[in-house]
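Heads up: the sequence lines are chains A and B, in that order.
Here the first sequence stands for residues 1 to 117, numbered as in our numbering.
Here the second sequence stands for residues 1001 to 1241, numbered as in our numbering.
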Amino acid sequence: MILHLTTLLVFQLIGEITSRVLGLPLPGPVIAMALLFATLVISPRLAAAITPTTKVLLSHLSLLFVPAGVGVVGHLDRFGSDGFALATAIVGSTALAITAGALTFVGIARLVGTSND
Amino acid sequence: MTEFTEIWTYLARDPLLWLTLTLAAYGVGDIAFKATGRRPLVNPVLIAVALLAVLLRLTDTTYATYFEGAQFVHFMLGPATVALAVPLHANLRNIRASALPMLCALVVGSLTAMISGVFIAGSLGVSPDILLSLLPKSATAPVALGVSDAIGGSPSLTAVLVITTGITGAIICTPLLNLLQIKDWRARGFTVGVASHGIGTARAFQVNETAGAFSGIGMGLNALLTALLAPIIAPWLIGLY
């Protein structure tokens, strides 16, 4: 468990450093995710080892957004008279994006005939 | 009474109280979510946030004090994002076979999220500086804040819009995708990750492991695409209003 968490943190650290040194437009953890993914492709044994720890972490992923969510509540009144327009924009555009993305995915998958297994 | 005040003064300063309450509030949300048969509207994050916001208001606690305790939970977002590589790897074959559909869905989903958001808000009379803060709302928070700053928006405003977008996506994705009769877990997960980043991905993991893995890729790829495209389309899009 400790070893697995250390592995994740080491990758995150490398990701943060890479992001800053190269001035990449991606946050450190996202670069670290890509680096760990590449490492797992080379060494599947590592994947088997850290899977139990990452499962625990990912099954409670939504909990981790609570502190940021609480921070949002205090700022809601900043929108004032724009609140309704912004709420409409967020709900509308999120629904449109999910719809357009999903239909495109399914349409192209059917076109090129990739199976869903 | 003095005793209570003394205890409270101690607790209010200690990270333990708000860390415990953050976990407890989420526990309440999770119980409610399961008790109602996992209804998307009974979102555990939304319930926990509402409970904690009311508590902070009632006890006159500042967000800074709250965050002293909650930061430990917040910190785990980093390692959890790194951990997304594991389900990605477990779905390696599936992902290789889906490269083209993913790429097309990414471009369409990402552009739709940015353009339609600004278009709807702009049509309803929102001013250009707020539209710039709204533009990167579907990207994961650290990227969205950076983009917002780069194109002349307000990062703190963007933070609020990003989180709201995530919770919205997490709530509407299941009924919406059912309505569209999309049964492919790859498509369902991926598009939710593109449209509503980590909070959408968290929701996808609650529903299906493959959907979660694809949602994680959607989130990562959209972070990249938003960072690349937003500065290019922002002047044009905002110029319309």
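Note that the Cβ used here is the ideal one computed from N, Cα and C, for glycine as well.
If you're wondering where the values come from, they're calculated on a predicted model, not measured in any experiment.
Residue i versus the options, residue with shortest Cα-Cα distance
i          : options                                           : result
Ile-1232/B : Gly-1152/B, Leu-1052/B and Ala-1024/B             : Gly-1152/B
Gln-1071/B : Pro-67/A, Gly-74/A and Gly-71/A                   : Pro-67/A
Ala-95/A   : Leu-1046/B, Val-1028/B and Thr-1168/B             : Thr-1168/B
Thr-99/A   : Ala-1097/B, Ser-1098/B, Pro-1101/B and Ala-1105/B : Ala-1105/B
Ile-1217/B : Ala-1187/B, Ser-1154/B, Trp-1018/B and Met-1114/B : Ala-1187/B
Pro-29/A   : Val-73/A, Thr-18/A and Leu-22/A                   : Thr-18/A
Gly-1166/B : Pro-1136/B, Ser-1154/B, Ala-1150/B and Gly-1146/B : Pro-1136/B
Residue i, buried or exposed, once every other Cβ within 10 Å from all chains shown has been counted against 16
i          : result
Gln-1181/B : exposed
Asn-1178/B : exposed
Lys-1258/B : Lying outside 1001 to 1241, the shown extent of chain B, residue 1258/B is not represented and no answer is given.
Phe-1190/B : buried
Ser-1148/B : buried
Met-1114/B : buried
Asp-1030/B : buried
Thr-6/A    : exposed
C-alpha distance - residue i paired with residue j, whole-angstrom precision
i          : j          : result
Pro-1015/B : Asp-1184/B : 44 Å
Met-1024/B : Thr-1164/B : For the sequence presented, residue 1024/B should be read as Ala rather than Met. Ala-1024/B and Thr-1164/B: Cα-Cα distance of roughly 22 Å.
Asp-117/A  : Ile-1007/B : In this predicted model, Asp-117/A has a pLDDT of only 49, less than 50, meaning its place in the structure is not dependable; the value taken from the coordinates is given anyway. Cα to Cα, the separation comes out at about 57 Å.
Thr-54/A   : Ile-1120/B : 39 Å
Ser-1110/B : Ala-1195/B : 7 Å
Leu-1046/B : Leu-1011/B : 25 Å
Ser-1133/B : Thr-1226/B : 13 Å
Ile-50/A   : Ala-97/A   : 34 Å
Pro-1087/B : Val-41/A   : 12 Å
Ile-1095/B : Val-1160/B : 32 Å
Ala-1234/B : Ala-47/A   : 40 Å
Ala-89/A   : Ile-1171/B : 16 Å
Leu-1056/B : Ala-1202/B : 25 Å
Gly-69/A   : Gly-80/A   : 19 Å
Val-1118/B : Ser-1156/B : 18 Å
Ala-1099/B : Ala-109/A  : 9 Å
Leu-1237/B : Val-1054/B : 38 Å
Glu-1209/B : Met-1076/B : 20 Å
Ala-1223/B : Leu-1131/B : 19 Å
Run of the alpha helix (DSSP H) containing residue i, from where it starts to where it stops
i          : result
Asn-1091/B : Unbroken run through Asn-1091/B: none, as it is neither H nor E.
Val-10/A   : 2-22
Ile-90/A   : 83-112
Met-1076/B : That residue, Met-1076/B, is in no alpha helix (DSSP H); it is neither H nor E in DSSP.
Asp-1129/B : 1128-1134
His-1197/B : 1185-1207
Practice problem: Could you run through the stretch 1109-1125 of chain B and flag, in chain order, every residue whose CB is less than 7 Å away from some CB of chain A? | Solution: Residues of the stretch 1109-1125 of chain B with a Cβ closer than 7 Å to any Cβ of chain A, in chain order: Gly-1109, Thr-1112, Ala-1113, Ser-1116, Gly-1117, Ile-1120, Ala-1121, Leu-1124 and Gly-1125.
Practice problem: Quick one: which residues of the stretch 1151-1184 of chain B get their C-beta closer than 8 Å to a C-beta of chain A? List them in chain order. | Solution: For the stretch 1151-1184 of chain B, the set of residues with a beta-carbon nearer than 8 Å to any beta-carbon of chain A comprises Ser-1156, Leu-1157, Ala-1159, Val-1160, Leu-1161, Ile-1163, Thr-1164, Thr-1165, Gly-1166, Ile-1167, Thr-1168, Gly-1169, Ala-1170, Ile-1172, Cys-1173, Leu-1176, Leu-1177, Leu-1180, Ile-1182 and Asp-1184, in chain order.
Practice problem: Name, going along the chain, the residues of the stretch 1087-1104 of chain B whose beta-carbon falls closer than 9 Å to a beta-carbon of chain A. | Solution: Answer in chain order: Pro-1087, Leu-1088, His-1089, Ala-1090, Leu-1092, Arg-1093, Asn-1094, Ala-1097, Ser-1098, Ala-1099, Leu-1100, Pro-1101, Met-1102, Leu-1103 and Cys-1104.
Quiz item: In chain order, what residues of the stretch 1192-1207 of chain B put their CB closer than 8 Å to some CB of chain A?
Solution: For the stretch 1192-1207 of chain B, the beta-carbon criterion of a distance under 8 Å to any beta-carbon of chain A is satisfied by Val-1192, Val-1194, Ala-1195, Ser-1196, Gly-1198, Ile-1199, Thr-1201, Ala-1202, Arg-1203, Phe-1205 and Gln-1206.
Quiz item: For the stretch 1064-1084 of chain B, which residues have a beta carbon sitting closer than 8 Å to at least one beta carbon of chain A?
Solution: Listed in sequence order: Tyr-1066, Phe-1067, Ala-1070, Gln-1071, Val-1073, His-1074, Met-1076, Leu-1077, Gly-1078, Pro-1079, Ala-1080, Thr-1081, Val-1082, Ala-1083 and Leu-1084.
Quiz item: Taking a cut of 9 Å between CB atoms, which residues from the stretch 12-27 of chain A lie near chain B?
Solution: Taking 9 Å as the Cβ-Cβ cut-off against chain B, the residues of the stretch 12-27 of chain A that qualify are Gln-12, Gly-15, Glu-16, Leu-24, Pro-25, Leu-26 and Pro-27.
Quiz prompt | Residues, ordered as in the chain, of the stretch 1033-1055 of chain B that lie near chain A by beta-carbon distance below 7 Å | solution = Per Cβ criterion, the list reads Pro-1044, Val-1045, Ala-1048, Val-1049, Leu-1052 and Ala-1053.
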